[in-house]
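A.B. asks: Chains as they are written, first to last, in my numbering: chain A, 1 to 336; chain B, 1001 to 1443. All residues carry an ideal CB built from backbone N, CA and C; glycine is no exception. Quantities reported herein were computed from a predicted structural model and do not represent experimental measurements. Please find one structure pasted underneath; my questions will follow.
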Amino acid sequence: MATSITARGSDPGSATPDRPHPVPPKDERRQAWRSRLYRWDTKGSPYAFVSPFFLVFAAFGLFPLLYTGWLSLHQVSLYNVDQAKWVGLKNYTDLFTGPPSHFFWNALGNTFTLGILSTVPQLMIAIGLAHLLNYKLRASSFFRTALLAPYATSVAAATLVFALIFSPESGMANWFLGLFGVDPVAWEAGEWTSQLAISLIVTWRWTGYNALIFLAAMQAVPGDLYEAAALDGASRWKQFLHVTVPALRPTILFTVVVSTIGATQLFGEPFLFGGQSGHQGGTAHQYETLGVFMYDQGFRNSMLGRASAIAWTMFALLLLIGLVNALIARRLRKSQ
Amino acid sequence: MRTSRATRTTRSRRAVVLVTTVLSATALLATGCSSSGSSSDKAADPNEKITLTVGDFGTFGFKEAGLFDAYTALHPNITVKENTTTQEADYWTAVQTHLAAGSGLDDIQALEVGRIALATSDALSGSFQDLSKAPGIKKDDYLPWKWQQATTASGKTIGLGTDVGPMAVCYRQDLFQAAGLPSDPAAVSALWAGDWAKYVEVGKQFQAKAAKGTFFMDSATGLFNATVSSSTEQYYKNGKLNYKDSASVKTAWDLAMKADAAGSSQGLKEFDPTWQTAFTQSTFATTICPSWQQANIEKYSGPANAGKWNVAQAPAAGNWGGSFLSVPSSGKHVAAAQDLVAWLSAPEQQAKVFQKVGNIPSNQNAYALPGVTDFKNPYIGPNAPTGQIFSTAAKAIKPAETGPKAGDLQTAFSNGILLVEQNGKSAGDAWNETVKQIDSTIQ
Chain A
1 MATSITARGS DPGSATPDRP HPVPPKDERR QAWRSRLYRW DTKGSPYAFV SPFFLVFAAF
61 GLFPLLYTGW LSLHQVSLYN VDQAKWVGLK NYTDLFTGPP SHFFWNALGN TFTLGILSTV
121 PQLMIAIGLA HLLNYKLRAS SFFRTALLAP YATSVAAATL VFALIFSPES GMANWFLGLF
181 GVDPVAWEAG EWTSQLAISL IVTWRWTGYN ALIFLAAMQA VPGDLYEAAA LDGASRWKQF
241 LHVTVPALRP TILFTVVVST IGATQLFGEP FLFGGQSGHQ GGTAHQYETL GVFMYDQGFR
301 NSMLGRASAI AWTMFALLLL IGLVNALIAR RLRKSQ
Chain B
1001 MRTSRATRTT RSRRAVVLVT TVLSATALLA TGCSSSGSSS DKAADPNEKI TLTVGDFGTF
1061 GFKEAGLFDA YTALHPNITV KENTTTQEAD YWTAVQTHLA AGSGLDDIQA LEVGRIALAT
1121 SDALSGSFQD LSKAPGIKKD DYLPWKWQQA TTASGKTIGL GTDVGPMAVC YRQDLFQAAG
1181 LPSDPAAVSA LWAGDWAKYV EVGKQFQAKA AKGTFFMDSA TGLFNATVSS STEQYYKNGK
1241 LNYKDSASVK TAWDLAMKAD AAGSSQGLKE FDPTWQTAFT QSTFATTICP SWQQANIEKY
1301 SGPANAGKWN VAQAPAAGNW GGSFLSVPSS GKHVAAAQDL VAWLSAPEQQ AKVFQKVGNI
1361 PSNQNAYALP GVTDFKNPYI GPNAPTGQIF STAAKAIKPA ETGPKAGDLQ TAFSNGILLV
1421 EQNGKSAGDA WNETVKQIDS TIQ
């Protein structure tokens, strides 16, 4: 389409050298002006139409990214951003080996364990739920809407409710365990218990969202595949394993990537779950993620340079995840 | 050919229309912005209808005592709106960000005492008005150390004290009786008079006879803060962080560890929802009670526990908390905001707040008002001499050196103690973790 328009637009231009008049009549001049306008229009308009996105991206995406990179090479306080002192890579070396390194590696580890703890069950439950919803059900649209309800709940509200459920003194979780004679668990204080509790919040919020994505993909799987499988005597479980899962492979990869990115940036849940010590991910930093660590360094300790270095490290980490994803995706495509 | 030319002209016309639309829209936007900008720059008109916003945290009591409405009654053109955040740490984070950005601040911003050293430092003091020069504000009205805290090295006063935090100990008389301890305020005060270590000893006595599931204190972090706060040497010495060698920090840490080892602390994280529900469930018998804490006790214990709380003198006088009101220079109504701050800090207004929510005035003239010294809290120990206990403590407070990171250090140590109480770490490990935490926040 674009090429044909350009070809037509350049038509009168190529004709000009043949013309004998040194000064074209007024009418023709207008004609030439119009055709030039037209050429600008056809060439320029698409750029004009897409430019708002790129302008906004440049202002709120690219500029902060570069500015953060610049800040990460300085010692700079939140209060006097104008007075930055050049320190080179010190913020990065501090992170990896200096005084805050203990907390950095801890946060990196927690981000990883919390990511696994929340992403894996979340996607497995989601695919199971989607499989069930894919059958003919009464009130199926009700169930589909209900699945999205947790996702529509605000992180703050959900986390505060879960914090109460996992309260050591009066929480529902301990009351429930008490029914089986289990001693009360200090959910928030323990390393694994607190991470379990937080990953439960994440799982609760995101399972429905992923289930709907899986469901959409499942409905694109041709029904005769299932019929054929059923004729061959495959049980529903076998159908799920040998028809649904292979057909869903690209979708599964997509949700894994999206959830991994979400897990890397996990912030709201641990921050709010910790109450007074949420800014450092618990009294013992037991569930401090990279996001929380960055916030604590930047906005509680007003060390913007170090916080920027953490931001860039997270950015590099996400690029790495993207790369791995691309490699796997290519493998998958080849194997098909 | 003809058709294509026809399309060409419509296309170019469309382009012209598009360009004109975009240009005129931009122009509209631009003029819209500039016209709204210019209207706000108008000179202040004394009768102009304005809204002043007051940013604060926790319970300041202005609204509760009806002061904003009273001010509007005096100045019909002014409406006051309060923006409250529950937790001071969250509030301060937002204020810091707004200060750094130079926008988004309220006309009046409250500052907690733990942050005042930072606010008066060179980095931040430029953002606030000098209130010592504002009309109607006199230095001699205020407790000298309180005034000094909000004054910069160059003599600029950026905040007026709203309240101070003289400490008492609030206790449950019913639980004390059940454990065979005296329950009258004077007798309870005598149990631990003079030394926080005695308070820990009383805790042991209590715990020996207490019902299962009840504890002497809510958290050893309160004891730690109280002990540090009643010393003149806290986290700073001669302008430098000195927490590792500070005698009061060491004593406070050891006392907290002792209380934990004796099992007399419930190990709650103060101000968290679990701490709040523990009030309702009556699981602990004492809490360190700076005057502002009275409002929390009443709020969280609820009507079911009315009359069960009482208040006794703290082993040693000290200050925990207390706030200031500041006027950021970036505000649109700086003069009006200064007037409101001066009015809110006058003795009569501070006395009203005290009677309503228990915040002890920072304006010395308020102590002479009968409503303050004779005050009895209808919820906490209706017969306890509450006003007398707090105003005596307020006058006995000795000034202590503070510094920009004082608030952060208090948080770090509270977390360090919780490492022992909640995470089961040894005292030595917890101390090392705390030092590591503090070191990592200093650049």
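(1) Alpha helix (DSSP H) containing residue 188 of chain A: first to last residue?
(2) Report yes if the C-beta distance between residue 1404 of chain B and residue 1121 of chain B is below 8 angstroms; otherwise report no.
(3) What residues match up with residue 1265 of chain B in a beta bridge as DSSP calls it?
(4) Are the beta-carbon atoms of residue 1375 of chain B and residue 1392 of chain B separated by less than 8 angstroms?
(5) Using CA coordinates, which residue listed in A/299, A/320, A/313, A/316 is at the minimum distance from residue 76 of chain A?
(6) Would you kindly work out how many angstroms separate the C-alpha atoms of residue 1234 of chain B and residue 1147 of chain B, rounded to a whole number?
(7) On the premise that residue 78 of chain A lies in contact with residue 1100 of chain B, defined as a C-beta separation below 8 angstroms, what is that separation, rounded to the nearest angstrom?
(8) Check the Cβ of residue 1441 of chain B against every Cβ in chain A and list those closer than 7 angstroms, keeping chain order.
(9) Going straight from the alpha carbon of residue 1149 of chain B to that of residue 1341 of chain B, what length do you get?
(10) For residue 1224 of chain B, which residues from the same chain have a beta carbon less than 8 angstroms from its beta carbon, with the 5 sequence-adjacent residues on both sides left out?
(11) CA-CA distance, residue 1195 of chain B and residue 279 of chain A?
(12) So, at 7 angstroms on beta carbons, what are the nonlocal neighbours of residue 329 of chain A in its own chain, with the 5 sequence-adjacent residues on each side left out?
(13) Just reading off the alpha helix (DSSP H) that residue 1185 of chain B is part of, what are its end residues?
(14) Who are residue 1080 of chain B's beta bridge partners in DSSP?
(15) If you reduce the DSSP assignment to three classes, tell me which class residue 1171 of chain B lands in.
(16) Counting contacts by CB-CB distance shorter than 8 angstroms, is residue 168 of chain A in contact with chain B?
(17) Could you give the first and the last residue of the continuous alpha helix (DSSP H) run that contains residue 1292 of chain B?
(18) Taking its Cβ as the centre, do 16 or more other Cβ atoms sit within 10 Å of residue 47 of chain A, making it buried, or is it exposed?
(19) So which residues on chain A does residue 1124 of chain B lean against when the C-beta distance must stay under 8 angstroms?
(20) Looking at the secondary structure, which residues open and close the beta strand (DSSP E) in which residue 1312 of chain B lies?
(21) Less than 8 angstroms between CB atoms is the rule here; does residue 338 of chain A satisfy it with respect to chain B?
(22) Quick one: which unbroken alpha helix (DSSP H) runs of 4-plus residues sit fully inside the stretch 1349 to 1407 of chain B? Chain order, please.
(23) In chain A, which residues lie less than 7 angstroms from residue 1272 of chain B when you measure between Cβ atoms?
(24) Please identify the residue among A/120, A/249, A/255, A/290 whose C-alpha is closest to the C-alpha of residue 269 of chain A.
(25) So residue 194 of chain A and residue 276 of chain A are in contact, right, with Cβ under 8 angstroms, and what is the actual spacing, rounded?
(26) Quick one, which residues of the stretch 86 to 117 of chain A are near chain B if we go by CB-CB under 7 angstroms, in chain order?
(27) Please state the DSSP three-state secondary structure of residue 1323 of chain B.
(28) Have a look at residue 1398 of chain B and residue 1198 of chain B and give me their C-alpha separation to the nearest angstrom.
(29) Can you give the Cα-Cα distance for residue 85 of chain A and residue 74 of chain A, rounded to whole angstroms?
(30) If you pair each beta-carbon of the stretch 1162 to 1174 of chain B with each one of the stretch 1271 to 1278 of chain B, do three or more pairs fall below 8 angstroms?
(31) Would you say residue 242 of chain A faces chain B, with C-beta separation under 8 angstroms as the test?
C.D. replies: Working from what's here:
(1) No alpha helix (DSSP H) contains residue 188 of chain A, which DSSP labels as neither H nor E.
(2) Less than 8 angstroms divides the Cβ of residue 1404 of chain B from the Cβ of residue 1121 of chain B.
(3) In the DSSP assignment, residue 1265 of chain B is bridged to B/1217.
(4) Contact flag unset, no.
(5) Answer by Cα proximity: A/299.
(6) One C-alpha to the other measures close to 19 angstroms.
(7) Yes, they are in contact, since the Cβ atoms of residue 1100 of chain B and residue 78 of chain A sit about 5 angstroms apart, within 8 angstroms.
(8) Going along chain A in sequence order, the residues near residue 1441 of chain B (Cβ under 7 angstroms) are 301.
(9) Rounded to whole angstroms, residue 1149 of chain B to residue 1341 of chain B spans 17 angstroms at the Cα level.
(10) These residues qualify, in order along the chain: 1252, 1253, 1255, 1256, 1413, 1414, 1417.
(11) Inter-residue distance for residue 1195 of chain B and residue 279 of chain A is about 34 angstroms (C-alpha atoms, whole angstroms).
(12) Sequence-distant Cβ neighbours of residue 329 of chain A in its own chain, meaning closer than 7 angstroms and more than five residues away, are 253.
(13) First-last of the alpha helix (DSSP H) with residue 1185 of chain B: 1185 to 1192.
(14) In the DSSP output, where bridge partners are listed per residue, residue 1080 of chain B has B/1052.
(15) For residue 1171 of chain B, the secondary structure class from DSSP, reduced to helix, strand or coil, is strand.
(16) Cβ-Cβ to chain B under 8 angstroms: yes for residue 168 of chain A.
(17) According to the DSSP assignment, residue 1292 of chain B belongs to no alpha helix (DSSP H), since it is labelled neither H nor E.
(18) Exposed.
(19) Chain-ordered, the chain A residues with CB closer than 8 angstroms to the CB of residue 1124 of chain B read 79.
(20) Start and end: 1309 to 1313.
(21) Limits of chain A in this structure are 1 at one end and 336 at the other, which puts residue 338 of chain A out of reach.
(22) The stretch 1349 to 1407 of chain B contains these whole alpha helix (DSSP H) runs: 1370 to 1373, 1386 to 1396.
(23) Neighbours of residue 1272 of chain B on chain A, chain order: 275, 276.
(24) Closest by C-alpha distance to residue 269 of chain A, out of A/120, A/249, A/255, A/290, is A/290.
(25) Contact between residue 194 of chain A and residue 276 of chain A fails: their C-beta atoms lie close to 14 angstroms from each other, not under 8 angstroms.
(26) For the stretch 86 to 117 of chain A, which is checked against every Cβ of chain B, the residues closer than 7 angstroms are 99, 100, 102, 103.
(27) Residue 1323 of chain B: strand per DSSP, three-state reduction.
(28) Rounded to whole angstroms, the separation of the alpha carbons of residue 1198 of chain B and residue 1398 of chain B is 21 angstroms.
(29) Answer to the nearest angstrom: the Cα atoms are 5 angstroms apart.
(30) Contact fails: fewer than three Cβ-Cβ distances are below 8 angstroms.
(31) Not a single C-beta of chain B is nearer than 8 angstroms to the C-beta of residue 242 of chain A.
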